[in-house]
Amino acid sequence: MTPFKYSKTSDISSAVKMTMANEQAQYLAGGTNLLDLMKEDVEHPTELVDITHLNLTGINPVLTGPNKGGVSIGGLGKNTVTANHPLIRRNFPILSQAILAGASMQIRNMATNGGNLNQRTRCPYFYEVSMPCNKRAPGTGCGALEGMNRTHAIFGWSDKCVAVHPSDMCVALAALDATVEVQGTDGKKRSIPFRDYHRLPENTPEKDNNLEHGELVTAIQIPANNFKHSYYLKVRDRASYAFALVSVAAMLEMDGATIKQARIALGGVAHKPWRAFTAEEFLAGKAATEANFGQAAELEMKAAKPLKYNEFKIELGTRAVTKALMQAMNEGKG
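Numbering-wise, the numbering used here puts 112 at position 112 of the sequence shown, and it's gapless, one number per residue.
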């Protein structure tokens, strides 16, 4: 592990200034991803700014303003606390399901909400420093493009990178139309709609999201909604401590027997949580039937571009979306 400076602060503004002052500095919160990457010689920060003492752990109902009825989740709140908080379990159960589907209890006890958003891919070519990887070392190539790419992207990839985003929590947040609150490097705050937070690889796969260096995630805002039916489905190679081959966050707002609105997000298929807008548009105004769910899934999967070893994800994704929507219909909110 490369030697590094350790800095500590209990002030948000100071934390941002410390990190801004050093291009090689990174924030240290739960450390469940960053420390692994440092040990594997993938990340080489010269300074870690410890932000564990910042007052950013609250989970609070929003009582006024445009987000009234929603919830604000602190960026340094622990994943376990968030998943089991009464407000989340009662009003946003799909988020609880998604968080609890990820990692292990020990990791969830340490991992933070902001850290979950910013975790790096688990692509084995990214972790293996002897292999080419444009995400780890821009310009070296993508080993997975022509390599063993069974777990890689079928949507939105480029010839520079075919890695997928590993988070379960982020898939649910994409379906929930969350907003990320950020403390800016100029002292100002800004809000980033969740669909714009993460990036597709294009020509800059080393950039996972649209944060500027030094910006700090302070909170995640989830708006109130009328989706009484929701479900998070994760398909993986083993029952625990495994990343998704395909995951689905499915939400339905019903008007009697008719779907008023659907929200569907996929994990394990793209460089970012993938909103299934084609499927959502098809389902609006339709009956909530397995046939319609299946057709919606097939329409979404038409845009998939499989790699050599992951073509199975098209059928798997079709079945997973259909099953998640069916399961959502059987599970009412709260």
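Where is the CB? At the ideal position from N, CA and C, for every residue including glycine.
Can you tell me the Cα-Cα spacing of residue i and residue j, whole angstroms?
i: I264; j: P3; result: 44 Å
i: Y6; j: A250; result: 42 Å
i: G139; j: V182; result: 30 Å
i: H229; j: F126; result: 37 Å
i: L316; j: Q24; result: 40 Å
i: L87; j: G70; result: 9 Å
i: Y197; j: N210; result: 6 Å
i: S104; j: G256; result: 39 Å
i: A144; j: Q221; result: 35 Å
i: T46; j: R122; result: 23 Å
i: P166; j: A244; result: 7 Å
i: K188; j: V16; result: 11 Å
i: G58; j: A137; result: 37 Å
i: P223; j: A178; result: 7 Å
i: A297; j: P201; result: 24 Å
i: V180; j: S191; result: 6 Å
i: G102; j: L325; result: 20 Å
i: R275; j: A304; result: 13 Å
i: T258; j: S14; result: 52 Å
i: T318; j: N292; result: 12 Å
i: G75; j: G184; result: 14 Å
Is residue i helix, strand or coil when you go by DSSP?
i: T218; result: strand
i: D196; result: helix
i: Q295; result: helix
i: P346; result: With the chain covering 1 to 334 only, the question about residue 346 has no answer from this structure.
i: Y241; result: coil
i: I51; result: coil
i: Q119; result: coil
i: Q26; result: strand
i: V164; result: coil
i: S96; result: helix
i: E253; result: strand
i: G334; result: Confidence is the limiting factor: at G334 the pLDDT is only 38, short of 50, which leaves the residue's position unreliable, though a coordinate-based value still follows. G334 falls in the coil class under three-state DSSP.
i: A320; result: helix
i: L173; result: helix
i: V81; result: helix
i: I258; result: Sequence check: residue 258 is Thr here, not Ile. T258: strand per DSSP, three-state reduction.
i: L266; result: strand
i: T19; result: helix
i: A287; result: strand
i: T278; result: helix
i: Y6; result: strand
i: L34; result: helix
i: Y127; result: helix
i: I73; result: strand
i: L211; result: coil
Please state whether the Cβ-Cβ distance between residue i and residue j is less than 7 Å.
i: A29; j: T80; result: no
i: V269; j: F155; result: yes
i: C161; j: N118; result: no
i: E300; j: T278; result: yes
i: V106; j: Y231; result: This sequence places Gln at residue 106; Val is not what is there. Going by C-beta atoms, Q106 is not nearer than 7 Å to Y231.
i: V235; j: A320; result: yes
i: N116; j: M169; result: yes
i: I94; j: L54; result: no
i: V49; j: M1; result: no
i: A171; j: G267; result: A small correction: the amino acid at residue 171 is Val; Ala does not occupy that position in the sequence shown. In this structure, G267 lies closer than 7 Å to V171 by Cβ.
i: Y309; j: N149; result: yes
i: M110; j: T32; result: yes
So, is residue i buried or exposed, given that buried needs 16 or more other C-beta atoms within 10 angstroms?
i: F351; result: Outside the displayed range of the chain (1 to 334) lies residue 351, so it cannot be described from this structure.
i: N60; result: exposed
i: H152; result: buried
i: A363; result: Nothing can be reported for residue 363: it is not among the residues displayed for the chain, which extend from 1 to 334.
i: D208; result: buried
i: T218; result: buried
i: E280; result: buried
i: T322; result: buried
i: L63; result: exposed
i: K68; result: exposed
i: K78; result: buried
i: S72; result: buried
i: A21; result: exposed
i: N225; result: buried
i: H271; result: buried
i: L56; result: buried
i: S96; result: buried
If we cut at 7 Å on Cβ distances, does residue i have a partner in chain B?
i: I264; result: Absent here is chain B; the protein component of the structure consists of one chain.
Sufficient close CB pairs (3 or more, under 8 Å) joining the segment 210-225 to the segment 271-285: no
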